[in-house]
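Per UniProt numbering, the sequence shown starts with residue 1, numbered consecutively.
Notes follow once the structure below has been shown.
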Amino acid sequence: MGGKGKTTCAKKLYNNDIIVSHFDVRAWGIISQTYNRIELLQDIFSQVTGSKGEKDDVLAEMLKKKLTVKRYLIVLDDMWDGKAWDDLRLCFPDVGNRSRIVLTTRLEEVAKQAKHHTDPYYLPFLKPDESLKLLQKKVFQQEGCPPELQDVVKRLQKDAKDCLW
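Dropping the structure here:
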């Protein structure tokens, strides 16, 4: 399901200071519905090496060689098709150095197809009070919700209970 906060959660993880210091290299790739393998590999290669990669099939092998000697974190965000994972997975070597790949998807079948060592993690919905706090923070920022709008905000939150604002 879209809008649950998968990308936001992955970004927080990706930018966490402890995570940043744990990995030699990190890269973030957006898959989306219009997946282009070469463009994605070029983008990831550029983040890993700092240089632009070639535009042919050698790129996947070059990326794999670079990652073999590094502890890496790769985030593949918004994957819509398990074929994309099948295309990419061999580029990310598993050499036992605690490298990690985080994949976000709204489709359970894609998560299950990409499953490797661990089961997919399903983000839970926010509790009603958490959702209300988040809505108030987004709408009213630091000032807080004016008392005269409390009922309206609670009704809005109730009507959109599965929304992450």
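For each residue, glycine too, the CB sits at the ideal point set by N, CA and C.
| query | Do the segment 57 to 72 and the segment 131 to 138 make contact, defined as three or more Cβ pairs closer than 8 angstroms? | reply | no
| Tell me, which residues are paired with Arg26 by DSSP? | Leu73
| said: By the DSSP assignment, the beta strand (DSSP E) with Arg98 in it spans what residues? | reply: From DSSP, Arg98 is part of no beta strand (DSSP E); its letter is neither H nor E.
| message | Determine whether the beta carbon atoms of Val75 and Tyr35 lie at a separation below 7 angstroms. | response | No Cβ-Cβ contact shorter than 7 angstroms links Val75 with Tyr35.
| said: With H, G and I counted as helix, E and B as strand and the rest as coil, what does DSSP make of Asp129? | reply: The answer is helix: DSSP assigns Asp129 an H, G or I state.
| Straight-line Cα distance separating Asp81 from Tyr121 | 18 angstroms
| said: Nearest by alpha-carbon distance to Arg98: which of Leu67, Leu126, Leu88 is it? | reply: Leu67
| So which of Pro93, Gly53, Arg71, Lys83 has the shortest CA-CA distance to Lys64? | Pro93
| query | Whose CA, out of Asp24, His22, Phe23, Glu39, lies closest to the CA of Ile30? | reply | Glu39
| field | Ala59 - DSSP class collapsed to helix/strand/coil | value | The sequence as given places Leu at residue 59; Ala does not occur at that position. Here Leu59 sits in helix by DSSP.
| task | Pick helix, strand or coil for Asp78, following the three-state DSSP scheme. | result | The three-state reading of DSSP puts Asp78 in strand, counting E and B together.
| said: Looking only at its chain, what residues have a beta carbon closer than 6 angstroms to the beta carbon of Cys145, apart from the 5 residues adjacent to it on each side? | reply: Gln136, Val153
| task | May I ask you to report which of helix, strand or coil DSSP gives Ser32? | result | strand
| message | So the candidates are Asp78, Pro124, Asp129; which of them puts its Cα closest to the Cα of Leu107? | response | Asp78
| Counterpart residues of Leu40 in DSSP-defined beta bridges | Leu40 is not bridged to any residue.
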